[in-house]
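So the sequence shown is numbered by the numbering used here: it starts at -5 and just counts up by one. Where is the CB? At the ideal position from N, CA and C, for every residue including glycine. Only a predicted model underlies this, so the values are computations on that prediction, with no experimental measurement involved.
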Amino acid sequence: MDSIDEFVVVTGADRSMAEQLLATCDNDVAAAVALFFDQQADDSDGDSGDDSSTPADAPPEAAAAQLPTEPVDLVGPILENARKETPPPPARWGGTGRPLGSAATPTEESAPPPPQAGGALPERHNPKKVRVIFWADGFTVEDTTEEEAAAAPGPSAPRRTGIATLGDSRSRAQAIPAIPSLRKYEEHKQFMEDLKRGIPPAELREIDLSSGIPRPRPVDIMLGDMRPAPYPSEAAARQAAMAAQDASSQPPKPALKAFSGEGYTLSRARPAEEEAAPGEEAMPSAWLAADRPVEVDLAAPTTLVQVRLDGLPPLRLQLNNGHTVADLKALIERRLAETGEAPRAYTISSGFPPTPLTDDQDTLEGAGLLNAAVSHRWK
(Lines of atoms letter the chains of each structure in order from A and count residues from 1; the text may use other names and numbers.)
(Lines give C-alpha, C1' and ligand atoms only; values in the text may rest on other atoms or scores of the structure.)
Protein backbone atom coordinates (compact mmCIF):
# COMPACT_ATOMS: atom_id res chain seq x y z
CA MET A 1 0.00 0.00 0.00
CA ASP A 2 1.54 3.36 -1.06
CA SER A 3 1.37 6.65 0.86
CA ILE A 4 -1.69 7.92 -1.02
CA ASP A 5 -3.72 4.80 -0.24
CA GLU A 6 -2.71 4.97 3.43
CA PHE A 7 -3.79 8.62 3.60
CA VAL A 8 -7.15 7.86 1.95
CA VAL A 9 -7.81 4.91 4.28
CA VAL A 10 -7.26 6.99 7.43
CA THR A 11 -8.91 10.28 6.42
CA GLY A 12 -11.51 9.23 3.85
CA ALA A 13 -10.42 12.10 1.61
CA ASP A 14 -10.07 11.88 -2.18
CA ARG A 15 -6.79 11.11 -3.93
CA SER A 16 -6.24 14.68 -5.17
CA MET A 17 -6.32 15.98 -1.60
CA ALA A 18 -3.99 13.16 -0.56
CA GLU A 19 -1.48 13.99 -3.30
CA GLN A 20 -1.55 17.70 -2.41
CA LEU A 21 -1.00 17.24 1.34
CA LEU A 22 1.63 14.49 0.90
CA ALA A 23 3.57 16.76 -1.45
CA THR A 24 3.38 19.54 1.15
CA CYS A 25 4.63 17.22 3.92
CA ASP A 26 7.43 15.63 1.86
CA ASN A 27 5.52 12.33 1.57
CA ASP A 28 5.25 11.96 5.39
CA VAL A 29 1.91 10.17 5.91
CA ALA A 30 1.59 10.93 9.63
CA ALA A 31 2.30 14.65 9.12
CA ALA A 32 -0.12 14.81 6.19
CA VAL A 33 -2.89 13.20 8.23
CA ALA A 34 -2.33 15.67 11.08
CA LEU A 35 -2.35 18.59 8.63
CA PHE A 36 -5.61 17.34 7.10
CA PHE A 37 -7.37 17.25 10.47
CA ASP A 38 -5.94 20.65 11.42
CA GLN A 39 -7.35 22.15 8.23
CA GLN A 40 -10.72 20.58 8.95
CA ALA A 41 -10.70 22.10 12.45
CA ASP A 42 -9.76 25.55 11.06
CA ASP A 43 -12.54 25.35 8.46
CA SER A 44 -15.11 24.46 11.11
CA ASP A 45 -13.98 27.36 13.37
CA GLY A 46 -14.23 29.81 10.46
CA ASP A 47 -17.81 28.92 9.65
CA SER A 48 -20.16 31.63 10.85
CA GLY A 49 -23.10 29.30 11.10
CA ASP A 50 -25.73 27.81 8.90
CA ASP A 51 -26.89 30.33 6.27
CA SER A 52 -29.92 28.30 5.40
CA SER A 53 -33.23 29.60 6.63
CA THR A 54 -36.54 27.92 7.02
CA PRO A 55 -39.42 29.33 4.94
CA ALA A 56 -42.33 30.74 6.88
CA ASP A 57 -44.72 28.28 5.35
CA ALA A 58 -42.53 25.25 6.07
CA PRO A 59 -44.11 22.46 8.14
CA PRO A 60 -43.26 22.20 11.85
CA GLU A 61 -41.11 19.11 11.21
CA ALA A 62 -38.87 21.05 8.83
CA ALA A 63 -38.59 23.95 11.27
CA ALA A 64 -37.64 21.58 14.09
CA ALA A 65 -34.94 20.05 11.93
CA GLN A 66 -33.25 23.48 11.65
CA LEU A 67 -33.03 23.92 15.43
CA PRO A 68 -29.63 23.27 17.11
CA THR A 69 -29.32 19.69 18.22
CA GLU A 70 -28.35 18.57 21.70
CA PRO A 71 -24.69 17.76 20.84
CA VAL A 72 -24.11 21.34 19.62
CA ASP A 73 -25.57 22.72 22.85
CA LEU A 74 -23.23 20.49 24.87
CA VAL A 75 -20.10 21.20 22.87
CA GLY A 76 -20.51 24.97 22.49
CA PRO A 77 -20.04 25.92 26.17
CA ILE A 78 -17.07 23.55 26.46
CA LEU A 79 -15.23 25.18 23.58
CA GLU A 80 -16.12 28.68 24.79
CA ASN A 81 -14.75 27.98 28.26
CA ALA A 82 -11.58 26.50 26.74
CA ARG A 83 -11.01 29.66 24.68
CA LYS A 84 -11.41 31.88 27.76
CA GLU A 85 -8.94 29.92 29.85
CA THR A 86 -5.39 31.24 29.58
CA PRO A 87 -2.37 29.71 31.30
CA PRO A 88 -1.03 31.71 34.25
CA PRO A 89 2.20 33.65 33.71
CA PRO A 90 5.34 31.71 34.55
CA ALA A 91 6.74 32.17 38.03
CA ARG A 92 9.64 34.59 38.17
CA TRP A 93 12.63 34.05 40.39
CA GLY A 94 12.70 36.50 43.28
CA GLY A 95 15.73 35.48 45.31
CA THR A 96 19.10 37.10 45.79
CA GLY A 97 22.41 36.36 44.14
CA ARG A 98 26.12 36.75 44.76
CA PRO A 99 29.27 36.43 42.64
CA LEU A 100 31.03 33.11 42.48
CA GLY A 101 33.68 32.77 45.15
CA SER A 102 32.20 35.42 47.46
CA ALA A 103 30.80 34.56 50.86
CA ALA A 104 27.13 35.21 51.49
CA THR A 105 26.26 37.72 54.19
CA PRO A 106 23.95 36.65 57.04
CA THR A 107 21.30 39.00 55.71
CA GLU A 108 21.39 37.34 52.30
CA GLU A 109 21.19 33.84 53.78
CA SER A 110 18.28 34.56 56.11
CA ALA A 111 16.22 36.83 53.85
CA PRO A 112 13.25 34.93 52.45
CA PRO A 113 12.37 35.42 48.79
CA PRO A 114 9.62 37.96 48.11
CA PRO A 115 6.12 36.52 47.63
CA GLN A 116 4.98 36.03 44.06
CA ALA A 117 2.05 38.06 42.87
CA GLY A 118 0.40 35.24 41.00
CA GLY A 119 0.96 32.59 43.70
CA ALA A 120 3.04 29.45 43.40
CA LEU A 121 2.28 27.25 40.45
CA PRO A 122 1.19 23.73 41.36
CA GLU A 123 3.70 21.03 40.57
CA ARG A 124 2.72 19.09 37.45
CA HIS A 125 4.52 15.77 37.51
CA ASN A 126 3.83 12.97 35.05
CA PRO A 127 0.66 14.47 33.52
CA LYS A 128 -1.82 12.32 31.61
CA LYS A 129 -2.50 13.70 28.12
CA VAL A 130 -5.87 13.07 26.48
CA ARG A 131 -7.25 14.21 23.13
CA VAL A 132 -11.01 14.74 22.76
CA ILE A 133 -12.35 15.38 19.25
CA PHE A 134 -15.96 16.45 18.66
CA TRP A 135 -17.78 15.20 15.56
CA ALA A 136 -21.27 15.90 14.28
CA ASP A 137 -22.59 12.57 15.58
CA GLY A 138 -20.44 12.08 18.69
CA PHE A 139 -16.94 12.45 20.08
CA THR A 140 -13.77 10.38 20.50
CA VAL A 141 -11.37 10.10 23.45
CA GLU A 142 -7.74 9.07 22.99
CA ASP A 143 -4.89 8.77 25.47
CA THR A 144 -1.88 10.43 23.82
CA THR A 145 0.59 10.22 26.73
CA GLU A 146 2.77 7.54 25.13
CA GLU A 147 2.33 9.08 21.67
CA GLU A 148 3.70 12.45 22.76
CA ALA A 149 6.49 10.81 24.75
CA ALA A 150 7.56 8.90 21.64
CA ALA A 151 7.38 12.09 19.55
CA ALA A 152 9.65 13.98 21.96
CA PRO A 153 12.70 15.42 20.17
CA GLY A 154 15.71 13.18 20.39
CA PRO A 155 18.99 12.72 18.57
CA SER A 156 18.39 13.09 14.87
CA ALA A 157 18.95 9.95 12.86
CA PRO A 158 21.19 10.13 9.81
CA ARG A 159 19.38 10.70 6.55
CA ARG A 160 18.81 7.44 4.73
CA THR A 161 19.49 7.09 1.05
CA GLY A 162 18.91 4.35 -1.46
CA ILE A 163 15.94 2.13 -2.22
CA ALA A 164 13.09 1.82 0.30
CA THR A 165 12.23 -1.69 1.44
CA LEU A 166 8.98 -3.33 2.47
CA GLY A 167 10.03 -2.92 6.10
CA ASP A 168 10.18 0.85 5.64
CA SER A 169 6.62 0.89 4.24
CA ARG A 170 5.35 -1.21 7.15
CA SER A 171 7.02 1.04 9.73
CA ARG A 172 5.33 4.09 8.14
CA ALA A 173 1.96 2.33 8.19
CA GLN A 174 2.33 1.53 11.86
CA ALA A 175 3.06 5.22 12.57
CA ILE A 176 -0.45 6.23 11.43
CA PRO A 177 -2.51 6.95 14.55
CA ALA A 178 -5.46 4.66 15.17
CA ILE A 179 -8.95 6.13 15.00
CA PRO A 180 -10.66 5.80 18.42
CA SER A 181 -14.18 4.46 18.73
CA LEU A 182 -17.12 6.87 18.59
CA ARG A 183 -19.07 7.88 21.70
CA LYS A 184 -22.59 9.28 21.48
CA TYR A 185 -23.31 12.60 23.15
CA GLU A 186 -26.58 11.47 24.67
CA GLU A 187 -24.91 8.43 26.26
CA HIS A 188 -22.10 10.38 27.95
CA LYS A 189 -23.77 13.48 29.34
CA GLN A 190 -21.81 13.36 32.59
CA PHE A 191 -18.54 13.27 30.64
CA MET A 192 -19.56 16.40 28.74
CA GLU A 193 -20.76 18.09 31.94
CA ASP A 194 -17.37 17.52 33.59
CA LEU A 195 -15.62 19.05 30.59
CA LYS A 196 -17.95 22.04 30.77
CA ARG A 197 -17.10 22.53 34.45
CA GLY A 198 -13.38 22.35 33.66
CA ILE A 199 -12.65 19.19 35.67
CA PRO A 200 -11.33 15.82 34.43
CA PRO A 201 -14.10 13.27 33.85
CA ALA A 202 -14.22 10.38 36.30
CA GLU A 203 -12.74 7.84 33.88
CA LEU A 204 -9.62 9.98 33.39
CA ARG A 205 -8.81 10.47 37.07
CA GLU A 206 -5.86 8.44 38.38
CA ILE A 207 -3.59 8.28 41.40
CA ASP A 208 0.06 8.96 40.55
CA LEU A 209 2.58 6.85 42.49
CA SER A 210 5.65 7.64 40.37
CA SER A 211 7.05 10.09 42.94
CA GLY A 212 6.54 7.69 45.86
CA ILE A 213 3.73 9.82 47.33
CA PRO A 214 0.12 9.09 46.31
CA ARG A 215 -1.36 12.19 44.70
CA PRO A 216 -3.92 12.95 41.97
CA ARG A 217 -2.35 12.72 38.54
CA PRO A 218 -2.65 15.90 36.46
CA VAL A 219 -4.72 15.59 33.27
CA ASP A 220 -4.12 17.69 30.15
CA ILE A 221 -7.17 17.57 27.84
CA MET A 222 -6.75 18.80 24.27
CA LEU A 223 -10.00 19.62 22.45
CA GLY A 224 -10.58 19.43 18.72
CA ASP A 225 -13.77 20.46 16.89
CA MET A 226 -14.36 18.57 13.65
CA ARG A 227 -18.04 19.53 13.29
CA PRO A 228 -20.00 19.53 11.08
CA ALA A 229 -17.97 16.63 9.64
CA PRO A 230 -19.29 13.23 10.72
CA TYR A 231 -17.18 10.57 12.39
CA PRO A 232 -15.12 8.69 9.73
CA SER A 233 -16.77 5.36 10.45
CA GLU A 234 -15.74 3.81 7.12
CA ALA A 235 -12.08 4.70 7.63
CA ALA A 236 -12.22 3.35 11.18
CA ALA A 237 -13.78 0.10 9.94
CA ARG A 238 -11.12 -0.28 7.23
CA GLN A 239 -8.39 0.38 9.75
CA ALA A 240 -9.81 -2.22 12.13
CA ALA A 241 -10.07 -4.73 9.30
CA MET A 242 -6.46 -4.12 8.32
CA ALA A 243 -5.33 -4.60 11.93
CA ALA A 244 -7.29 -7.84 12.17
CA GLN A 245 -5.78 -9.05 8.90
CA ASP A 246 -2.26 -8.31 10.10
CA ALA A 247 -2.94 -10.16 13.35
CA SER A 248 -4.34 -13.18 11.50
CA SER A 249 -1.41 -13.31 9.07
CA GLN A 250 1.09 -13.83 11.85
CA PRO A 251 1.81 -17.49 12.59
CA PRO A 252 0.24 -18.69 15.83
CA LYS A 253 2.58 -19.19 18.74
CA PRO A 254 3.12 -22.83 19.68
CA ALA A 255 1.23 -23.89 22.76
CA LEU A 256 3.43 -24.48 25.77
CA LYS A 257 3.31 -27.96 27.26
CA ALA A 258 4.00 -28.57 30.91
CA PHE A 259 7.00 -30.77 31.68
CA SER A 260 5.78 -34.22 32.66
CA GLY A 261 9.00 -36.23 32.84
CA GLU A 262 11.46 -36.90 35.63
CA GLY A 263 14.66 -35.08 36.45
CA TYR A 264 17.94 -36.02 38.09
CA THR A 265 20.33 -34.07 40.27
CA LEU A 266 24.00 -33.91 39.41
CA SER A 267 24.91 -36.41 42.13
CA ARG A 268 22.04 -38.83 41.49
CA ALA A 269 22.45 -41.80 39.20
CA ARG A 270 19.70 -43.07 36.97
CA PRO A 271 17.95 -46.24 38.11
CA ALA A 272 19.71 -49.37 36.95
CA GLU A 273 16.51 -50.76 35.48
CA GLU A 274 16.33 -48.01 32.87
CA GLU A 275 17.33 -49.13 29.44
CA ALA A 276 20.30 -47.49 27.83
CA ALA A 277 19.76 -45.30 24.79
CA PRO A 278 21.15 -46.44 21.43
CA GLY A 279 24.92 -46.04 21.46
CA GLU A 280 25.03 -45.66 25.26
CA GLU A 281 26.59 -48.18 27.62
CA ALA A 282 24.24 -49.95 30.01
CA MET A 283 24.48 -48.93 33.67
CA PRO A 284 25.96 -51.63 35.96
CA SER A 285 23.63 -52.88 38.66
CA ALA A 286 26.46 -53.13 41.26
CA TRP A 287 30.12 -52.32 41.71
CA LEU A 288 31.38 -55.55 40.14
CA ALA A 289 35.06 -55.13 41.04
CA ALA A 290 34.50 -53.90 44.60
CA ASP A 291 34.74 -57.43 46.01
CA ARG A 292 37.91 -58.24 44.08
CA PRO A 293 40.65 -59.10 46.64
CA VAL A 294 43.77 -56.93 46.32
CA GLU A 295 46.72 -57.83 48.57
CA VAL A 296 49.94 -55.82 48.84
CA ASP A 297 53.28 -57.62 49.31
CA LEU A 298 55.48 -55.24 51.23
CA ALA A 299 58.53 -57.38 50.47
CA ALA A 300 58.07 -56.69 46.76
CA PRO A 301 58.61 -53.30 45.08
CA THR A 302 55.72 -50.92 45.86
CA THR A 303 54.49 -47.60 44.47
CA LEU A 304 52.06 -44.85 45.49
CA VAL A 305 49.21 -43.96 43.15
CA GLN A 306 47.09 -40.85 43.81
CA VAL A 307 43.54 -41.06 42.46
CA ARG A 308 41.57 -37.81 42.01
CA LEU A 309 37.95 -38.92 42.43
CA ASP A 310 35.19 -36.96 40.68
CA GLY A 311 33.28 -35.10 43.40
CA LEU A 312 35.11 -36.83 46.31
CA PRO A 313 38.36 -36.32 48.22
CA PRO A 314 41.48 -37.75 46.56
CA LEU A 315 42.55 -41.32 47.30
CA ARG A 316 46.16 -42.45 47.93
CA LEU A 317 46.84 -46.14 47.28
CA GLN A 318 49.94 -48.26 47.95
CA LEU A 319 50.27 -51.08 45.42
CA ASN A 320 52.92 -53.37 44.04
CA ASN A 321 54.46 -52.62 40.72
CA GLY A 322 52.97 -55.86 39.39
CA HIS A 323 49.36 -54.98 40.25
CA THR A 324 47.12 -54.44 37.24
CA VAL A 325 44.78 -51.67 36.17
CA ALA A 326 41.92 -53.99 37.17
CA ASP A 327 43.30 -54.06 40.75
CA LEU A 328 43.41 -50.26 40.73
CA LYS A 329 39.78 -50.10 39.55
CA ALA A 330 38.74 -52.54 42.27
CA LEU A 331 40.13 -50.26 44.99
CA ILE A 332 38.50 -47.22 43.38
CA GLU A 333 35.09 -48.93 43.22
CA ARG A 334 35.47 -50.09 46.81
CA ARG A 335 35.90 -46.48 47.94
CA LEU A 336 32.93 -45.35 45.80
CA ALA A 337 30.75 -48.03 47.37
CA GLU A 338 31.83 -46.94 50.87
CA THR A 339 30.79 -43.32 50.13
CA GLY A 340 27.33 -44.43 48.89
CA GLU A 341 27.84 -43.68 45.22
CA ALA A 342 25.45 -45.63 43.01
CA PRO A 343 27.03 -47.79 40.30
CA ARG A 344 27.48 -45.97 37.01
CA ALA A 345 29.96 -45.83 34.17
CA TYR A 346 33.25 -43.99 34.61
CA THR A 347 36.70 -43.67 33.12
CA ILE A 348 40.19 -43.36 34.61
CA SER A 349 43.02 -41.65 32.80
CA SER A 350 46.59 -40.53 33.42
CA GLY A 351 49.27 -38.37 31.89
CA PHE A 352 49.01 -35.12 29.96
CA PRO A 353 47.06 -34.93 27.85
CA PRO A 354 44.95 -37.42 29.82
CA THR A 355 44.98 -40.90 28.27
CA PRO A 356 42.20 -43.34 29.23
CA LEU A 357 43.34 -46.61 30.81
CA THR A 358 41.39 -49.23 28.85
CA ASP A 359 43.58 -52.34 29.24
CA ASP A 360 42.65 -53.87 32.60
CA GLN A 361 45.37 -56.53 32.31
CA ASP A 362 48.17 -54.01 31.95
CA THR A 363 50.45 -53.69 35.03
CA LEU A 364 51.04 -50.42 36.77
CA GLU A 365 54.65 -50.47 35.69
CA GLY A 366 53.70 -51.25 32.10
CA ALA A 367 51.05 -48.49 32.05
CA GLY A 368 53.49 -45.93 33.45
CA LEU A 369 51.59 -45.47 36.70
CA LEU A 370 54.50 -45.75 39.14
CA ASN A 371 54.19 -42.81 41.57
CA ALA A 372 51.70 -41.29 39.19
CA ALA A 373 48.36 -39.51 39.47
CA VAL A 374 45.15 -40.94 38.00
CA SER A 375 41.95 -38.96 37.29
CA HIS A 376 38.50 -40.47 37.77
CA ARG A 377 35.59 -39.00 35.76
CA TRP A 378 31.94 -39.96 35.47
CA LYS A 379 30.63 -40.57 32.00
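(message) Taking the alpha carbon of Q300 as the reference point, which residue from S344, A294 and T138 has its own alpha carbon closest?
(response) S344
(request) Leaving aside the five residues before and after A172 along the sequence, list all residues of the same chain whose C-beta is less than 7 angstroms from its C-beta, in chain order. (result) Q233
(message) If I measure Cβ to Cβ from G6 and keep anything under 7 angstroms in the same chain, skipping five residues before and after, which residues do I get?
(response) So the qualifying residues of the chain are P226, E228 and A229.
(message) Just to confirm the assignment: which complete beta strand (DSSP E) runs, minimum length 3, are found wholly within the stretch 166 to 219?
(response) 213 to 219
(message) Could you compute how far the alpha carbon of A12 sits from the alpha carbon of I(-2)?
(response) 6 angstroms
(request) Just the C-alpha distance for L330 and A294, rounded to the nearest angstrom, thanks. (result) 28 angstroms
(request) Look up Q300 in the DSSP assignment and say whether it is helix, strand or coil. (result) strand
(message) Looking at the strands, I want to know which residues DSSP matches up with W372.
(response) Y340
(request) Output yes or no for whether 8 angstroms exceeds the beta carbon distance between T341 and L313. (result) no
(request) Between the Cα of L292 and those of D304, R302 and G316, spot the shortest distance and give me the residue it belongs to. (result) Checking every option, the nearest Cα to that of L292 belongs to G316.
(request) Check each candidate in Q184, L311 and P212 and name the one with the smallest Cα separation from T139. (result) P212
(request) Report the residue from Q34, I201 and M220 whose alpha carbon sits nearest the alpha carbon of G70. (result) Of Q34, I201 and M220, the residue nearest in Cα terms is M220.
(request) State yes or no: is the C-beta of V387 within less than 8 angstroms of the C-beta of D137? (result) Coverage of the chain is limited to positions -5 through 373, which leaves residue 387 absent and any answer about it impossible.
(message) Rounding to the nearest angstrom, what Cα-Cα distance links A367 and P287 in this structure?
(response) CA-to-CA, the gap between A367 and P287 works out to about 22 angstroms.
(message) Considering only DSSP beta bridges, list what L292 is partnered with.
(response) Answer by DSSP bridge pairing: none, since L292 is not bridged.
(request) Under 8 angstroms by Cβ, that's how I've got A397 and Q34 pegged, so tell me the actual separation to the nearest angstrom. (result) Any answer about residue 397 is impossible in this case: the structure gives the chain only from -5 up to 373.
(message) Within 10 Å of its beta-carbon, does I326 have 16 or more other beta-carbons around it, so buried, or fewer, so exposed?
(response) buried
(message) Quick check on the burial criterion: 16 or more other C-beta atoms within 10 angstroms. Buried or exposed for D8?
(response) exposed
(message) Using 8 angstroms as the threshold, is the C-beta distance between R310 and L322 below it?
(response) no
(message) Check for me: the alpha helix (DSSP H) holding P323 runs from which residue to which?
(response) Looking at the sequence shown, residue 323 is not Pro but Lys. Here the alpha helix (DSSP H) through K323 covers V319 to E332.
(message) Can you tell me whether F346 is helix, strand or coil according to DSSP?
(response) coil
(message) Buried or exposed for V381, going by 16 or more other Cβ atoms inside 10 Å?
(response) Residue 381 lies beyond the residue range present for the chain, which begins at -5 and ends at 373; the question has no answer from this structure.
(message) Please classify E335 as buried or exposed, where buried requires at least 16 other C-beta atoms within 10 Å of its C-beta.
(response) buried
(message) I'd like the span of the alpha helix (DSSP H) that includes R221, first residue to last.
(response) First-last for R221: undefined, no H or E at that position.
(message) Just verifying my parser: in three-state terms, what is the DSSP assignment at D384?
(response) Because the chain here runs from -5 to 373, residue 384 falls outside it and cannot be looked at.
(message) Can you give me the C-alpha to C-alpha distance between I201 and L189, rounded to a whole angstrom?
(response) Answer to the nearest angstrom: the Cα atoms are 19 angstroms apart.
(message) With a threshold of 6 angstroms on Cβ separation, who are the neighbours of R302 within its own chain once the five nearest residues in sequence on each side are excluded?
(response) Excluding positions up to five away in sequence, the list reads P308 and S369.
(request) Measure the alpha-carbon distance for E332 versus E289 and round it to whole angstroms. (result) Their backbone Cα atoms lie some 19 angstroms apart in a straight line.
(message) Helix, strand or coil, according to DSSP, for L73 in the structure here?
(response) helix
(request) May I have the straight-line CA-CA distance separating A339 from W372, to the nearest angstrom? (result) 6 angstroms
(message) At the level of alpha carbons, what is the spacing between E187 and P246?
(response) 45 angstroms
(request) Quick one: grab the DSSP three-state call for D22. (result) coil
(message) Which residue wins for smallest C-alpha separation from S204, given the options H182, K178, L198 and K122?
(response) K122
(request) Give the C-beta separation of D192 and N75 to the nearest angstrom, bearing in mind that I take them to be a contact with Cβ-Cβ under 8 angstroms. (result) Looking at the sequence itself, residue 192 is Gly, so the reference to Asp does not match. The pair is a contact, with the Cβ atoms about 6 angstroms apart (cut-off 8 angstroms).
(message) Can you give me the C-alpha to C-alpha distance between A249 and S242, rounded to a whole angstrom?
(response) 17 angstroms
(request) Measure from the alpha carbon of L384 to the alpha carbon of each residue in F133, D(-4), R118 and K183, then state which is nearest. (result) Past the edges of the chain, shown from -5 to 373, lies residue 384, and the structure says nothing about it.
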